[in-house]
Every structure is written in structure tokens, then in C-alpha cells.
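*Asks:* Residue 1072 in this note's numbering sits at position 75 of the sequence shown, and the numbers go up by one each step.
Note that CB positions come from ideal geometry on N, CA and C, so glycine has one too.
Small disclaimer: the values here were computed from a predicted structure and weren't measured.
Pasting in a structure now, in C-alpha cells, and then I'll have a few things to ask.
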Amino acid sequence: MQLNELALFRQQAFVAGKWCDADHQQTSKILNPATLEVIGTVPNMGKAEAERAIEAAKEAWPLWKNKTAKDRSIILKKWFDLIISNADELAFILTSEQGKP
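Here you go:
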């Protein structure tokens, strides 16, 4: 199985609530270090993309900062539930890119 086949393996960056491609469309190969097999690709995000991500984070911070502890916990619990429900696929992604069997 290749990482590219997995629904959770996105070849985009998530910025300001949207998936986006690198401006220049360049990618880097992800290798399994144990076999040197190419198991996927990721976009090479540059300075412009980094600046957009930083700006988006700055804009999002006041919204997060002003949420109650209960509201934050609901969001984090949903994130936790998504991780647990996708644990097998996430484990495959992590072990593949680290070269573990």
C-alpha cells in the first residue's frame, strides 16, 4: 500500500480552514528509510505559503482564546475521536515514513 492511496494522506497544506496546494506546484518525495521506496509526496510550501499560514493563525487566535474551557474541550474531544477512529491508517502513515515494519 502507498501513502498516496490513503484518504488521510493529503498532498496539500491546511491553511485558514482550507486545503491548498503549493503556489509553485513543487513536491518532495517521502521515502521509507528502511527500503528507500517512494511512499508518497508532499507539497513544498514556500515563504508565501508560510506567511499565509502565520497570518491565518494570528487571525484565528482571538477566536480560540475567547472560547470557554468547555468549548475548547468539545473541539479537542472531537479531534481525539477522529484520531482514534483513524488509528490504523495514521499508524500506517507514521510507521511507513519512519521505516518501521
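Does S1082 pass the burial test, meaning 16 or more other C-beta atoms within 10 Å, or should it be called exposed?
*Replies:* exposed
*Asks:* Identify every residue that forms a DSSP beta bridge with S1082.
*Replies:* None, per the DSSP bridge assignment.
*Asks:* With a threshold of 6 Å on Cβ separation, who are the neighbours of V1012 within its own chain once the five nearest residues in sequence on each side are excluded?
*Replies:* Hits under 6 Å: R1049, A1050 and A1053.
*Asks:* Kindly indicate which three-state DSSP category A1010 falls into: helix, strand or coil?
*Replies:* strand
*Asks:* From V1035 to R1007, what does the alpha carbon distance come to, in whole angstroms?
*Replies:* Each residue's Cα considered, the two are about 16 Å apart.
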